[in-house]
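Those letters in the sequence shown? Residues 93 to 563, by our numbering. Backbone N, C-alpha and C define an ideal beta-carbon position, used for all residues, glycine too. A short write-up of the structure that comes next.
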Amino acid sequence: DRVLVWFRRDLRDHDHAALSRALHEARAVYCAFVFDTDILDALPDRSDRRVEFIWHSVRELDAALAALGGGLRVEVGRARAVIPRLARELGCDAVYANRDYEPEAVARDECVAHRLREASIAFHLFTDQLIFAPEEVVSAAGQPYRVFTPYKNAWLKGLDEARLAPHPVAERTHRLAPPGKRTLPTLEALGFSSTDLLQRGVAPGMGGAKRTWAAFQERLSDYHLLRDRPDLDATSHLSVHLRHGTISVRALVRHAYHTQGDGARIWLGELIWREFFQMILHFHPRVVDHAFRPEFDDLRWPGGDDVFAAWCVGRTGYPIVDAGMRQLTATGFMHNRVRMIVASFLTKDLLVDWRRGERHFARWLLDYELASNNGNWQWAASTGCDAQPYFRIFNPVAQSEKYDPDGSYIRRWVPELARVPDAAIHAPWQMRPIEQEACGFRIGRDYPAPIVDHAAARARALAWFSSARVQ
Ligand code: FAD
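This is the structure:
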């Protein structure tokens, strides 16, 4: 009769599996969001763009639900205790939520389910943030896939219109119940200070997602041609919205699936990568701390604190690497091609444990997603499923020349090199000192010399990988 819908990473009022089902089945539907102190307390910094993103999105969702006659009950505390208490307080028979595949979320949900059961309250989870739940795309023998391409083929084969249909909310909104007290704590009350999120042009919430998506639709047809260019704005920037569910993945897949051309086809492939890594995390939760491939687990990566620190702050002497690392801390975003370059550089050129890079990204990425971050780091480090083999090592200069041809991405983030001509900007240490001075900088004084020589580092990595792995 009464259902509590618990919003987590699905901050929208439309095409929402749990909300749709609740409105269909119950006479009164309450909505709640918990600022979970188990998560907030673990954040390393009290100024975090992600908390602010969520805060704005929650505020917008509350206003949207209130306009429909409901509203969002916003609580602060340990979700595992708050949700069972709230469900009892509101006299609910059931709690509905959308499924989350991260190990900590799974453990939290099991705990909530247990406590609700003790109070004779049901708990139902729905597939919402993925088109296919992990168990739904497995091989003919019922085994999870370990390699992307067969997974993708099976995923596409299983796709049909029904799967992409929105979960309707609009017809039954009269069942939304006002949640009693409706108070949104300020960011400060949550213990966080405001950030430069909005000044950085990030638009949170459903409104932000809608605008970001509309703008990208204009660029979709060229996606396959331009997506690897960090100097251009060719990708969607929807990752943060997919992370928090301020947009429905079904709407995105529907559009891509029904749009002709290579741009839409390749972009759909990226959305499938997202599901692939969620599937991997679900079936192999040990990847959180371990290499997917046992032969690469327990390696003693020789790269030390000094080179790791130089990488973190963008002072490796390789302009494309430094530009990416500085973009990350300055904005919370890094272009995908550059993520691949810096991850390869850390793990192959510097031989630093991929987990350290993964943690640094987890600290700074606005779109941080455990499954995607871990999966991509392991891909780059060649420790993962479907990884590139360890002997494929990115050449940072060649990558830079190819994907930032006139160096404009580098110039934006490494202003020391602003006056370096296009041809020299990818490897400025090759300029003679007099040429450097003429361009207003000096290697070693204004910009670091390369911390490794790539050719030597490459040879070292090949030797190390082949001897270090467990045969
Ligand atoms: P678009 O190019 O427009 O792609 C559309 C969507 O597809 C993205 O929003 C994202 O949801 C998904 N997607 C694209 N590429 C990938 C990929 N390689 N793996 C999984 N999903 C993908 N993405 C995250 O969302 N969170 C992370 O924490 C994250 N960490 C990464 C770490 C490394 C080392 C690397 C190499 C990549 C990582 N990615 C991560 C994947 C990718 O870089 C981002 O999803 C992408 O840059 C986001 O920009 P966009 O929304 O404009 O992407």
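Item: Counted within 10 angstroms of its Cβ, other Cβ atoms place PHE483 as buried (16 or more) or exposed; Value: exposed
Item: ARG113 and GLN221 closer than 8 Å at C-beta; Value: no
Item: The segment 263–271 touching the segment 126–139, judged by at least three CB pairs closer than 8 Å; Value: no
Item: Under 8 Å between C-beta atoms of CYS184 and LEU157; Value: no
Item: Under 8 Å between C-beta atoms of ARG292 and CYS477; Value: no
Item: Beta-carbon contacts of LEU160 that lie in its chain and below 8 Å, excluding the five residues immediately before and after; Value: ASP105, THR265 and LEU268
Item: Span separating the alpha-carbon of GLU493 from that of GLU367; Value: 32 Å
Item: Cβ pair TYR193, GLN370 closer than 8 Å; Value: yes
Item: Limits of the unbroken beta strand (DSSP E) element including ASN190; Value: 186–190
Item: Given ALA179 as reference, the closest of ARG209, ASN190 and VAL198 once Cα atoms are compared; Value: ARG209
Item: Proximal residues to THR421 (C-beta, below 7 Å), its chain only, five neighbours per side dropped; Value: TRP456
Item: Cα-Cα separation, MET432 to GLY361; Value: 17 Å
Item: As assigned by DSSP and simplified to three states, the class of ASP154; Value: helix
Item: For VAL489, three-class secondary structure by DSSP; Value: helix
Item: TRP469, enclosing alpha helix (DSSP H) - first and last residue; Value: 462–473
Item: Burial state of ASN466, where buried means 16 or more other Cβ atoms lie within 10 Å; Value: buried
Item: Helix, strand or coil at TYR349 according to DSSP, with G and I counted as helix; Value: helix
Item: Buried versus exposed, by CB contacts within 10 Å (16 or more), ASN468; Value: buried
Item: Status (buried if at least 16 other CB within 10 Å, exposed otherwise) for GLN419; Value: buried
Item: Ligand 1 heavy atom lying under 7 Å from the CB of TYR237; Value: no
Item: Span separating the alpha-carbon of GLN491 from that of HIS382; Value: 29 Å
Item: Candidates ARG447, SER474, ALA473 and TRP247: closest to LEU462 by CA position; Value: ARG447
Item: Cβ neighbours of TRP471 in the same chain (closer than 6 Å, five flanking residues each side left out); Value: ALA479
Item: Contacting residues, own chain, Cβ-Cβ under 7 Å from SER436 (five flanking each side not counted); Value: ALA472, ILE485 and PHE486
Item: heavy atom of ligand 1 below 7 Å from ARG292 C-beta; Value: no
Item: Beta-carbon proximity list for PRO322, same chain, < 7 Å, skipping 5 on both sides; Value: HIS427, ARG429, VAL430, TYR495, ASP496 and TYR501
Item: ASP445 (DSSP reduced to helix, strand or coil); Value: coil
Item: Top-ranked residue by Cα proximity to TYR315, from ALA307, ALA306 and THR327; Value: THR327
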